[in-house]
Amino acid sequence: MANSQIEWTDTTWNPVAGCSMVKSGCLNCYAMEMSRRLEAMGVEKYRGLLKKTNHKMIWNGIIREDKQALSLPYKWKKPHKKFVNSLSDLFHSGVSDNFIHQIWKVMEETPRHFYQILTKRPQRMADFVTKLNRVLPNVWLGTSVENQEVTDRIEHLRGAPAIVRFISFEPLIGSVGNINLNNIHWAIVGGESGSSARPIKEEWIDDIYDACRIYNTAFFFKQWGRWGKDNKKRSKKANGREYKGAVWNELPIAYNL
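Counting along the sequence shown from 1, when you hit position 201 you're at 201 in the numbering used here, and nothing is skipped either side.
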């Protein structure tokens, strides 16, 4: 188990390694850099997952299913919020249905944990869980939305049977417009970090915050990232997490019960 510095979860669980890039939100993906570091440290499952393009290491599309990782949640006695595949995407086409079924079995048999699944491929996720016809109360389903170009992912997420549906608006690199958050229980918002980070604008956050108030969606502001409220570039720690004069750590009602 890896304790996480991600503000909205407790720990990460990565039974899948590798991914491929989709849309502009993947451009500065932190998981690519983390996989590069793990490979350099000699962690075998992350070997050979990246290729060099334009002086940058990016995903090459190789996917690895780590069957040994399936036993780990049974050993974790203390309940946690667990981000599933923080360094990959469970619903990537390279992950077999059989392996996803095995992961679902593990989550079902460890109900003390809350599992947070975040994907950029919500259509496959919705199709999978609909056919499964078994909603697990400890499994939260989410998708990433970085700008208006990919807001169609929200409709796929809305069609996925789940106790909690959530959206990660991170990295927020553009306006998402007038979004419908009906039956979306949680919204996470954050700017991009890293030396190549793209700016975030307060009015983009405002649109999401206002939608959360309209649809009774929990609002979690993760960070400004590399660019602050004043549109100046500095460390993400210096920019902090304060929005509208407060720190927003709201969680979905299902978790607070």
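By construction, the Cβ of each residue, glycine as well, lies at the ideal position given by its N, Cα and C atoms. Predicted, not measured: the structure shown is a model, and the values here were computed from it.
Rounded separation between Val189 and Phe221 - CA only: If I take the Cα positions, the gap works out to 5 Å.
Span separating the alpha-carbon of Asn239 from that of Leu87: Answer to the nearest angstrom: the Cα atoms are 25 Å apart.
Buried or exposed by the 16-neighbour rule on C-beta atoms within 10 Å, applied to Asn14: Residue burial is scored here from C-beta neighbours: Asn14 has at least 16 other C-beta atoms within 10 angstroms and is therefore classed as buried.
Coil, strand or helix - Gly61 by DSSP: Under the three-state reduction of DSSP, Gly61 is assigned to coil, being neither helix nor strand.
Paired residues, beta bridge with Tyr243 - DSSP: Partner(s): Ala246.
Contiguous alpha helix (DSSP H) assignments of at least 4 residues, all confined to the stretch 4-64: Those alpha helix (DSSP H) runs which fall completely within the stretch 4-64 and span 4+ residues are 30-40.
Assigned secondary structure, Val129 (DSSP; H/G/I helix, E/B strand, else coil): Judged by DSSP in its simplified three-state form, Val129 adopts helix.
Status (buried if at least 16 other CB within 10 Å, exposed otherwise) for Gly191: Buried, by the Cβ-count rule.
Per-residue DSSP class, three states only, for Arg165: In the structure shown, Arg165 sits in a strand (DSSP, three-state: E or B).
Endpoints, the beta strand (DSSP E) within which Ile117 is located: Run containing Ile117: Phe114 to Thr119, per the beta strand (DSSP E) assignment.
8 Å contact criterion, which Val145 and Phe169 should meet: CB distance rounded: Right, the Cβ-Cβ distance comes to about 6 Å (below 8 Å), so this counts as a contact.
Whole-Å CB distance - Trp227 paired with Ala197, under 8 Å assumed: Indeed, because the Cβ distance is near 6 Å, the residues count as touching under 8 Å.
Rounded straight-line distance, which links the Cα of Val139 to that of Val84: Using only the alpha carbons, I get a separation of about 10 Å.
C-alpha gap between Ile117 and Lys233, whole angstroms: Each residue's Cα considered, the two are about 31 Å apart.
Terminal residues of the alpha helix (DSSP H) in which Lys105 lies: Lys105 -> alpha helix (DSSP H) spans Asp97 to Glu109.
First and last residue of the uninterrupted alpha helix (DSSP H) at Leu72: Membership of Leu72 in the alpha helix (DSSP H) is indicated by the continuous run Leu72 to Lys75.
Among Ala69, Pro199 and Ile154, nearest to Ile103 - alpha-carbon criterion: Per the Cα distances, Ala69.
Same chain, Cβ closer than 6 Å to Tyr215, neighbours up to 5 away in sequence not counted: Counting only Cβ-Cβ distances below 6 Å, and skipping sequence neighbours, we find Leu181 and Asn182.
Run of the beta strand (DSSP E) containing Ala218, from where it starts to where it stops: From DSSP, the beta strand (DSSP E) with Ala218 extends over Ala218 to Gln223.
Where the beta strand (DSSP E) through Ala187 begins and ends: Residues Trp186 to Gly190.
Per DSSP, the bridge partner or partners of Trp227: Note: Trp227 sits in a beta bridge opposite Lys233.
Ser235 versus Ile63: straight-line alpha-carbon distance, rounded: Per the coordinates, the alpha-carbon of Ser235 lies some 33 Å from the alpha-carbon of Ile63.
Burial state of Ala246 (16 or more Cβ within 10 Å): Classification for Ala246: exposed.
Pro122 beta carbon less than 8 Å from that of His156: Taking 8 Å as the Cβ cut-off, His156 and Pro122 qualify as a contacting pair.
DSSP three-state assignment for Val150, whether helix, strand or coil: If DSSP states are grouped into helix, strand and coil, Val150 belongs with the helices.
Leu141 versus Arg213: straight-line alpha-carbon distance, rounded: About 21 Å.
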